[in-house]
């Protein structure tokens, strides 16, 4: 320990060095806690590793980098004016404002999640089986399979690729790859693919917001969790509008 005293004394005697060391310690503690919370809540299919992903294509380091790079997009996510009014609208009626406004969001950019709110058990069960029910009711145009956008951690509703009526934009989109939407078991929220006018209306009524990564299709949005059967009916109407947009078939 005696050999370390001169070094310790030099660090303490230099305010600049002391500040750097303190910042490094505080930053490391914050990152460790943030990583633990991110992993505990669920990573939405993002590999829950750290070091390999710093030089790879996914994981905590990449998520944190996105968190910094796309901070400018945060206010845009809840601004309906960023979406076009041109194009078809398939929502059957105007959406009522969401009671209580927008929920709080989890702090990390990926996965995009809200802070869970109380939900009727029956409503939750119906929500988590909604995609499969719609696929069972319309097997000629719809199917369910593990959601690629969620790392195959939940069921996704997909348009069958042999449907000749599919939206041409959908055929050329490789990231979403014919996915219409999915629900998240961790927070009971959803992601769905709507036309821009419908996505704009959902955001304006306080039912959702744009996806956290701006390079993804603008109509791919987060829809907030329903809390009771009345709100679930609104959610189902939104999902059916997404089905119409992707498949060009009304259900």
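Numbering (the UniProt record's numbering), first residue to last: 1 to 251. No residue lacks a Cβ here, since even glycine has one placed at the ideal position from N, Cα and C.
Excluding five sequence neighbours on each side, which residues of the same chain lie with their C-beta closer than 7 Å to the C-beta of residue i?
| i | result |
| --- | --- |
| residue 248 | 165, 166, 167 |
| residue 232 | 123, 126, 127, 226 |
| residue 80 | 200, 203, 204 |
| residue 237 | 91, 92 |
Inspect the beta-carbon positions of residue i and residue j and report whether they are closer than 8 Å.
| i | j | result |
| --- | --- | --- |
| residue 239 | residue 192 | yes |
| residue 187 | residue 120 | no |
| residue 95 | residue 205 | yes |
| residue 178 | residue 161 | yes |
| residue 154 | residue 183 | yes |
| residue 142 | residue 157 | yes |
| residue 242 | residue 189 | no |
Given 7 Å as the limit, tell me if residue i has its C-beta closer than that to any heavy atom belonging to the ligand ATP.
| i | result |
| --- | --- |
| residue 185 | As for the ligand ATP, it is missing from this structure, which has no ligand bound. |
Helix, strand or coil for residue i per DSSP?
| i | result |
| --- | --- |
| residue 252 | Because the chain is modelled from 1 through 251, residue 252 falls outside the range shown and cannot be assessed. |
| residue 237 | helix |
| residue 178 | coil |
| residue 77 | helix |
| residue 245 | helix |
| residue 145 | strand |
| residue 83 | coil |
| residue 134 | helix |
| residue 115 | coil |
| residue 202 | helix |
Out of curiosity, what's the CA-to-CA distance linking residue i and residue j?
| i | j | result |
| --- | --- | --- |
| residue 61 | residue 68 | 11 Å |
| residue 111 | residue 140 | 31 Å |
| residue 92 | residue 148 | 29 Å |
| residue 98 | residue 207 | 6 Å |
| residue 87 | residue 117 | 34 Å |
| residue 174 | residue 218 | 14 Å |
| residue 246 | residue 172 | 12 Å |
| residue 198 | residue 223 | 12 Å |
| residue 103 | residue 185 | 16 Å |
Over what stretch of residues does the beta strand (DSSP E) that includes residue i continue unbroken?
| i | result |
| --- | --- |
| residue 157 | 155–159 |
| residue 110 | No beta strand (DSSP E) holds residue 110; DSSP gives it neither H nor E. |
| residue 208 | 208–210 |
| residue 190 | 190–193 |
Going by beta carbon distance, what residues of the same chain come within less than 6 Å of residue i, once the five residues before and after it are set aside?
| i | result |
| --- | --- |
| residue 152 | 146 |
| residue 244 | 90, 250 |
| residue 84 | 196 |
| residue 66 | 109 |
Mind checking if residue i is an interface residue toward chain C, Cβ cutoff 8 Å exclusive?
| i | result |
| --- | --- |
| residue 88 | Absent from the structure is chain C; it holds one protein chain and no more. |
How far does the alpha helix (DSSP H) with residue i in it extend, from its first residue to its last?
| i | result |
| --- | --- |
| residue 105 | Unbroken run through residue 105: none, as it is neither H nor E. |
| residue 170 | 168–172 |
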